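Q:
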């Protein structure tokens, strides 16, 4: 396994990210921008589900998902490049492992949020008043944003500290 | 300019706050985490407001989207507080950094742009001039806002890579 991870680091992408002067900075900037879009859109969707601002129709929340997926694509691609550049260290880093677990959990929960609420509500008439989310949906939205903030952002920052 | 920044840096280095920050193992990483959480919230809120201002998401009425501005300001307070923590930790590192200098300049321009938007777009809109929301200047200012904040994020991420 370790040999494979080290081999990854010597690929063209790995070398470009790790060694070239701007490779790491550009990849890290893309990673941060993608993160801001994904977590930012999630935060706004969660905020609206929790009740603010009421004027934003619940039906429109689902249409924010394509923007989030764009951010996710940018975040994932740059994340893979960053991983390749330091695969042998990151793979065994506890903070990194927790971060991956949090991302997968968060993504699965967003798919559930979409299936259980965003999608069904998106086809309801805007005049119907019985569409405000129930308590379980509110908890789900709150937990998603909590997972992404506390785990992803925190452990993302901590990789540099714990890894040393 | 450079000398007054030097004076400011020397003053910061003598404050109790500076000594408290560098003596603590957790204040700096905690500030980094708050900076990141804040920027995702700011970004999410502005993404929706600015995309609406650019003419997307027309089923969301602008006044409702605009209710996210207090959310953005709330997030900005945390970003500013944690950002000041970085500066108080090591002012001489940041003041001479070209990415930091441009970043702060762009934050000021983005703030002025937001203020101009409030005065010349949102106030008349709120007073009943609904058509102003589809004016070219409204779309331009919204697009400019998004572009500036994306650049601020990228420049912030670049600060460690342009150090001499």
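Chains as they are written, first to last, in my numbering: chain U, -13 to 150; chain V, 2 to 165. All C-beta atoms in this analysis are idealised placements derived from N, C-alpha and C, irrespective of residue type, glycine included. All of these numbers come straight from a predicted model, not from anything done at the bench.
#1: Determine the direct distance from the alpha carbon of residue 34 (chain V) to that of residue 80 (chain V), and round the result to whole angstroms.
#2: Determine the burial state of residue 92 (chain V): buried for a count of at least 16 other Cβ atoms within 10 Å of its Cβ, exposed for fewer.
#3: Should residue 74 (chain V) be labelled buried (16 or more other beta-carbon atoms within 10 Å of its own) or exposed?
#4: Rounded to whole angstroms, what's the CA-CA distance from residue 135 (chain V) to residue 142 (chain V)? Just pull it up for me.
#5: Quick one: Cα of residue 145 (chain V) to Cα of residue 22 (chain V), how far?
#6: Indicate whether residue 152 (chain U) and residue 133 (chain U) have their beta-carbon atoms separated by less than 7 Å.
#7: Use the C-beta contact count for residue 98 (chain U): other C-beta atoms within 10 angstroms, 16 or more gives buried, fewer gives exposed.
#8: Rounded to whole angstroms, what's the CA-CA distance from residue 157 (chain V) to residue 25 (chain U)? Just pull it up for me.
#9: Tell me which same chain residues have a C-beta within less than 8 Å of the C-beta of residue 37 (chain V), skipping the five on either side of it?
#10: What number of angstroms, rounded off, separates the C-alpha of residue 12 (chain V) from the C-alpha of residue 96 (chain V)?
#11: Between which two residues does the alpha helix (DSSP H) containing residue 58 (chain V) stretch?
#12: Between the region 77 to 87 of chain U and the region -5 to 9 of chain U, do three or more beta carbon pairs fall short of 8 Å?
#13: For residue 18 (chain U), which residues in chain V fall below 9 Å Cβ to Cβ?
#14: Could you please give the first and the last residue of the uninterrupted alpha helix (DSSP H) stretch that includes residue 144 (chain V)?
#15: Grouping DSSP H, G and I as helix and E and B as strand, with all else coil, what is residue -9 (chain U)?
#16: Could you check what DSSP says for residue 100 (chain U) in three-state terms: helix, strand or coil?
#17: Following the continuous alpha helix (DSSP H) through residue 124 (chain U), name the residue where it begins and the one where it ends.
A: Judging by the given coordinates:
#1: 10 Å
#2: buried
#3: exposed
#4: 12 Å
#5: 36 Å
#6: The structure shown does not extend to residue 152 (chain U), since chain U spans only -13 to 150, so no value can be given for it.
#7: exposed
#8: 18 Å
#9: none
#10: 13 Å
#11: Note, residue 58 (chain V): premise wrong, no alpha helix (DSSP H); not H, not E.
#12: no
#13: 37, 40, 154, 155, 157 and 158
#14: 137 to 159
#15: helix
#16: helix
#17: 121 to 132
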